[in-house]
Amino acid sequence: MFVSKSGIIKYFKNTEMRRNVFLRCFLPLFGGVLSLSSLAQSPATLVICHPGGTSTRVALYTYPKVKFSADSVLIISSVATYHFVVSSVKRLTYEGVWNGIPSIPGSAGVHIEGDCLLFDTTVPASSVRLFSSDGKALTVTLLERGGRRCLSLSSLPAGVYVCKAGHQTFKIAKP
949 MFVSKSGIIK
959 YFKNTEMRRN
969 VFLRCFLPLF
979 GGVLSLSSLA
989 QSPATLVICH
999 PGGTSTRVAL
1009 YTYPKVKFSA
1019 DSVLIISSVA
1029 TYHFVVSSVK
1039 RLTYEGVWNG
1049 IPSIPGSAGV
1059 HIEGDCLLFD
1069 TTVPASSVRL
1079 FSSDGKALTV
1089 TLLERGGRRC
1099 LSLSSLPAGV
1109 YVCKAGHQTF
1119 KIAKP
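Now the structure itself:
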């Protein structure tokens, strides 16, 4: 790895990697100043959680590829390779990743009360659709309850669902 006369780090594969390495490693060496807020904004990360509360983090800008076998988990990124025995991996998750679907909009006439997702009557009943986290459309029946429409969540297993109602799309989590 080296810094050329133009100040660009040549070794890394993409601009995002060069920017992060420059900001975190080289800029301070050359008299640059980093604000704490720029360091606090960590990049999107794949988090491998281990029993006992420890974790391993791999930045998504390194393009990690996860491979599973009967007894191991292999994560290959552009900068490192990680090999874990399956029993040492409790969970794989992501941090800093926004999926683009907001939670229930508070001011849009939709809210949860108990096991019921309530819609104002301004939301047409025919426009309400519910999808499981794997994208399958679920059959929904809206009941009238106190001048509002109620979509009962009681028969659904715990999980995250996506609801489309009129022109709104939002996610709900059933514990």
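Convert by adding 948 to the 1-based position in the sequence shown; the result is the number in our numbering. We treat Cβ as the ideally placed atom computed from N, Cα and C, and that holds for glycine.
Assuming leucine 1101 and aspartate 1068 form a contact by the criterion Cβ under 8 Å, report the distance between their Cβ atoms to the nearest whole angstrom.
Start at 1 with the first residue of the sequence shown, and residue 1101 comes out as number 153. Start at 1 with the first residue of the sequence shown, and residue 1068 comes out as number 120. About 18 Å; that fails the 8 Å criterion.
Classify valine 1108: buried if its beta carbon has 16 or more other beta carbons within 10 angstroms, exposed otherwise.
Residue mapping note: residue 1108 aligns to position 160 of the sequence shown, counting from 1. Label assigned to valine 1108: exposed.
With burial defined as no fewer than 16 other Cβ atoms inside 10 Å of the residue's Cβ, what is the status of threonine 1010: buried or exposed?
Here residue 1010 refers to the residue found at position 62 of the sequence shown. Flag for threonine 1010 reads buried.
Roughly how many whole angstroms lie between the Cα atoms of leucine 971 and lysine 1013?
Residue mapping note: residue 971 aligns to position 23 of the sequence shown, counting from 1. Residue mapping note: residue 1013 aligns to position 65 of the sequence shown, counting from 1. For leucine 971, the pLDDT reaches just 49, beneath the cut-off of 50, and the residue's location in the model is therefore unreliable, although a value from the coordinates is still provided. Going from the Cα of leucine 971 to the Cα of lysine 1013 covers about 25 Å.
List the DSSP bridge partners of alanine 1121.
One-based indexing of the sequence shown puts residue 1121 at position 173. Partner(s): Val1108.
Do you know how far the Cα of histidine 1059 is from the Cα of histidine 1031?
Counted from its first residue, the sequence shown places residue 1031 at position 83. Counted from its first residue, the sequence shown places residue 1059 at position 111. Rounded to the nearest angstrom, the two C-alpha atoms are 44 Å apart.
Between Val1110, Ser1051 and Tyr1042, which has its C-alpha nearest valine 1006's C-alpha?
As a working mapping, residue 1006 is identified with position 58 in the sequence shown. Nearest of Val1110, Ser1051 and Tyr1042 to valine 1006, Cα basis: Tyr1042.
Can you give me the Cβ contacts of alanine 992 inside the same chain, cut-off strictly under 8 Å, excluding the 5 residues immediately before and after it?
Position 44 of the sequence shown holds residue 992. Correct list, in chain order: Ala1007, Leu1008, Tyr1009, Tyr1042, Glu1043, Gly1044 and Val1045.
Just to confirm, is the Cβ distance from leucine 1066 to cysteine 1098 under 8 Å?
One-based indexing of the sequence shown puts residue 1066 at position 118. One-based indexing of the sequence shown puts residue 1098 at position 150. Yes, these two residues count as a Cβ contact at 8 Å.
If you draw a straight line from the alpha carbon of serine 986 to that of serine 1103, how long is it in whole angstroms?
Position 38 of the sequence shown, counted from the start, is the residue given in the question as residue 986. Position 155 of the sequence shown, counted from the start, is the residue given in the question as residue 1103. Because the pLDDT of serine 986 is 38, which lies under 50, any placement of that residue in the model is unreliable, and the number read from its coordinates should be weighed accordingly. Taking the straight line from one Cα to the other gives about 45 Å.
Going by alpha carbons, who is nearest to alanine 1121 out of Gly1094, Ala1073, Thr1070 and Glu1061?
Numbered from 1 along the sequence shown, position 173 holds the residue referred to as residue 1121. Selected option, being the one with the closest Cα: Glu1061.
Distance, Cα to Cα, threonine 1070 vs serine 1051?
Position 122 of the sequence shown, counted from the start, is the residue given in the question as residue 1070. Position 103 of the sequence shown, counted from the start, is the residue given in the question as residue 1051. Going from the Cα of threonine 1070 to the Cα of serine 1051 covers about 19 Å.
Name the two residues that bound the continuous beta strand (DSSP E) containing valine 1034.
Sequence index remark: in the sequence shown, residue 1034 carries index 86 (1-based). Per DSSP, valine 1034 belongs to no beta strand (DSSP E) and is neither H nor E.
If you pair each beta-carbon of the segment 1033–1042 with each one of the segment 993–1000, do three or more pairs fall below 8 Å?
Segments in contact, yes.
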